[in-house]
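Visitor: In our numbering, the protein residues as written are 570 to 988.
In this text, a Cβ means the ideal position worked out from N, Cα and C, and glycines have one as well.
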Amino acid sequence: MSKETAIQAGTKNAPERVADPVERGAESSIATVPDLTRNAVDVLPEGRLAEQLKLDRPLRVKLGIDPTTADIHLGHTVVLGKLAEFQAAGHTVVLIVGDFTARVGDPSGRSASRPVPTPEEIEANATTYQEQAYKILDPAKTEVRRNGEWLDMNLADLLRLMGTTTVARLLERDDFQKRMAENAPIAGHELLYPLMQGYDSVAIDADVELGGTDQKFNLLFGRDVQSAYGKPPQSIMTLPILVGTDGVQKMSKSLGNYVGVTDPPDEMFGKLMSIPDEAMDEYFRLLLPQVEKPEAEPVRQKRFLAGQIVDRFHGSGKGREAEQAFDKVFVQHAVPEDIPEVDLSDYLSDGDGEVHLPRLIAGSFGMSTSEGRRLLAGGGVKLDGEAVDAHNLDVPAEALAGRVLQVGKRRFARLSSLD
RNA sequence: GGGGGAGUGUCCGAGUGGUUAAAGGAGAUGGGCUGUAAACCCAUUGGCUCUGCCUACAGAGGUUCGAAUCCUCUCUCCCCCA
């Protein structure tokens, strides 16, 4: 989306935003305060949000996202879900796509500067990100803006922005304190991050800004920036950071412990089944606020959780299907329905009509032949469910044609028949 | 501008001339057990045409029979002083 269309989209939506709360009436807005703060960790300053909700106008509720990765995962949906609640209460969500802030990289929770994505990556990510966010948000009540619109400023404007604070204030944040203690580098431009994010709030007249608990500093900092520009400071709300499927670290793509909202149903179900029992309560509370955790044995509860979440992102009934597919593979140890087919002829050694198994495994599952060899030696490779004898690395193609090659519990490939 | 310190495999981290593809740990993967949970046990964890070969300790040269370990230059990072 270009700058122009982004602005138009916002303008076009304006009448709907205004109409909603008028119909709802002031009392209902006040009544929604406890709901809106549910699961929140910090709602600051104390009592400010309640006052704002009495204003009887749609609040402009901001969320900034940096398109540094393409996919939204369940961790992001905690905050997005909260935004959706604001929308349901008649407020406007302003989604800031941080095409400019992505060039800096949010220092929050980072022990090192992060690599800067290329403009092309940022652009591609921004597009998919927005699409995926609409799985949760109501597009009609969402205003999407790129912060490059206003952050691509001249030096005079930047100097004014920087003059609104002090270096000491910028260094106060925990992340920087830690890095300094560890003698880790802090890049100069990282200092600017909170200023840039704060200026976003100035530019879009934010009333409320949401974020994860790791965003607390940035969110509060935005209030000061707004004040410096003569705007009423926003209130802030932080929400818990969802733990990843390992149950230990926060969910993140780079840690590989995430469940993407666009993950196929079977995969989503499987990943959710692998979370530790201790993480279940949190998953129920943060991801399915409207659903009761059933009284049952842990496996049942987890199956229910996984099914509900699949339903939420793929449509009602998909959770049940995913559960059936799951049972088929992991309980009945059957071969799943859709598995990739591998063309055996690609692996025929010249002349003798034999196939070098390590190479076949490597090619079929994207690993090195050495790794394939090791798996073979470790008894992790099966053909039609039977463990493969590791002594014969070269096997006649006829012995493989049409059979199902399996590595571990969950990687399958169907071998083509010979023509 | 001056002085000091550091760059080792996915990550952390030993190793200061000779069985070092590189201790140990984490993570990951495979096997056992199981609820694709946890815990626990075992194995593997650079690549390959694999009883061997190749490539590796920031990069490039050099010394040596032999270097991650010594020397030179380069790059990157951190700290202190100014």
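Just checking my contact of R607 with P858 at CB under 8 angstroms: how many whole Å lie between their CB atoms?
Guide: Locating residue 607 in the first sequence gives position 38, where the first residue counts as 1. Locating residue 858 in the first sequence gives position 289, where the first residue counts as 1. Rounded, the Cβ-Cβ distance is 7 angstroms, consistent with contact.
Visitor: Does DSSP classify R979 as helix, strand or coil?
Guide: Here residue 979 refers to the residue found at position 410 of the first sequence. If DSSP states are grouped into helix, strand and coil, R979 belongs with coil.
Visitor: Is the beta carbon of L913 less than 8 angstroms from the beta carbon of L984?
Guide: Here residue 913 is taken as the residue at index 344 of the first sequence, counted from 1. Here residue 984 is taken as the residue at index 415 of the first sequence, counted from 1. Yes; because the gap between Cβ atoms is below 8 angstroms, this pair is in contact.
Visitor: For S804, list the residues DSSP reports as bridge partners.
Guide: On the first sequence, position 235 is the one that residue 804 refers to. DSSP output for S804 lists V777 as bridge partner(s).
Visitor: Go to G862, then tell me how far its alpha helix (DSSP H) extends in each direction, as first and last residue.
Guide: The residue labelled residue 862 in the question sits at position 293 within the first sequence. Looking at the sequence itself, residue 862 is Lys, so the reference to Gly does not match. Per DSSP, K862 belongs to no alpha helix (DSSP H) and is neither H nor E.
Visitor: Can you tell me whether P867 is helix, strand or coil according to DSSP?
Guide: Numbered from 1 along the first sequence, position 298 holds the residue referred to as residue 867. In the structure shown, P867 sits in a helix (DSSP, three-state: H, G or I).
Visitor: In this structure, how does DSSP classify A609 when only helix, strand and coil are distinguished?
Guide: Within the first sequence, numbered from 1, the residue matching residue 609 stands at position 40. In the three-state reduction of the DSSP assignment, A609 falls in the coil class, being assigned neither a helical nor a strand state.
Visitor: Please identify the residue among L761, V648, F899 and P909 whose C-alpha is closest to the C-alpha of R738.
Guide: The residue given as residue 738 occupies position 169 in the first sequence. R738 has its Cα closest to that of L761, out of L761, V648, F899 and P909.
Visitor: In the DSSP assignment, find the beta strand (DSSP E) that holds T711 and state where it starts and stops.
Guide: On the first sequence, position 142 is the one that residue 711 refers to. Start and end: T711 to R715.
Visitor: I need the DSSP call for P763, collapsed to helix, strand or coil.
Guide: Locating residue 763 in the first sequence gives position 194, counting from the first residue. Here P763 sits in helix by DSSP.
Visitor: Over the uninterrupted alpha helix (DSSP H) stretch that includes V647, give me the two end residues.
Guide: Position 78 of the first sequence, counted from the start, is the residue given in the question as residue 647. Segment L643 to A657, the alpha helix (DSSP H) holding V647.
Visitor: What is the DSSP secondary structure of R626, counted as helix, strand or coil?
Guide: Residue numbering aside, residue 626 sits at position 57 when the first sequence is read from its first letter. Here R626 sits in coil by DSSP.
Visitor: Any idea what DSSP makes of P965, helix, strand or coil?
Guide: If you number the first sequence from 1, residue 965 lands on position 396. Here P965 carries a strand assignment [DSSP, helix/strand/coil].
Visitor: Considering only residues of the same chain and omitting the five flanking positions on each side of K822, which have a CB-CB separation below 7 angstroms?
Guide: Within the first sequence, numbered from 1, the residue matching residue 822 stands at position 253. Around K822: T638, D640 and H642.
Visitor: With 16 other CB atoms within 10 Å as the buried threshold, where does Q621 fall?
Guide: Within the first sequence, residue 621 is the residue found at index 52, counting from 1. Classification for Q621: buried.
Visitor: Using beta-carbon positions only, say whether Q766 and G791 come within less than 8 angstroms of one another.
Guide: On the first sequence, residue 766 is found 197 positions in, with the first residue counted as 1. On the first sequence, residue 791 is found 222 positions in, with the first residue counted as 1. Yes. Within cutoff.
Visitor: Whose CA, out of K704, E910 and H960, lies closest to the CA of S986?
Guide: Here residue 986 refers to the residue found at position 417 when the first sequence is read from its first residue. Ranking K704, E910 and H960 by Cα distance to S986 puts E910 first.
Visitor: Assuming contact is defined by CB atoms lying nearer than 8 angstroms, are D846 and P867 in contact in what I supplied?
Guide: Indexing the first sequence from 1 puts residue 846 at position 277. Indexing the first sequence from 1 puts residue 867 at position 298. Yes; because the gap between Cβ atoms is below 8 angstroms, this pair is in contact.
Visitor: Just reading off the alpha helix (DSSP H) that T661 is part of, what are its end residues?
Guide: By one-based count along the first sequence, residue 661 stands at place 92. T661 -> not in any alpha helix (DSSP H); beta strand (DSSP E) instead, spanning T661 to V666.
Visitor: For G594, count neighbouring C-beta atoms within 10 Å of its own C-beta (all shown protein chains included) and say buried if the count is 16 or more, exposed if not.
Guide: Locating residue 594 in the first sequence gives position 25, where the first residue counts as 1. Summary for G594: the model assigns pLDDT 40, below 50, so the residue's position carries little reliability, and this model does not support an answer.
Visitor: Bridge partners of I634, per DSSP?
Guide: As a working mapping, residue 634 is identified with position 65 in the first sequence. Paired residue(s): V666.
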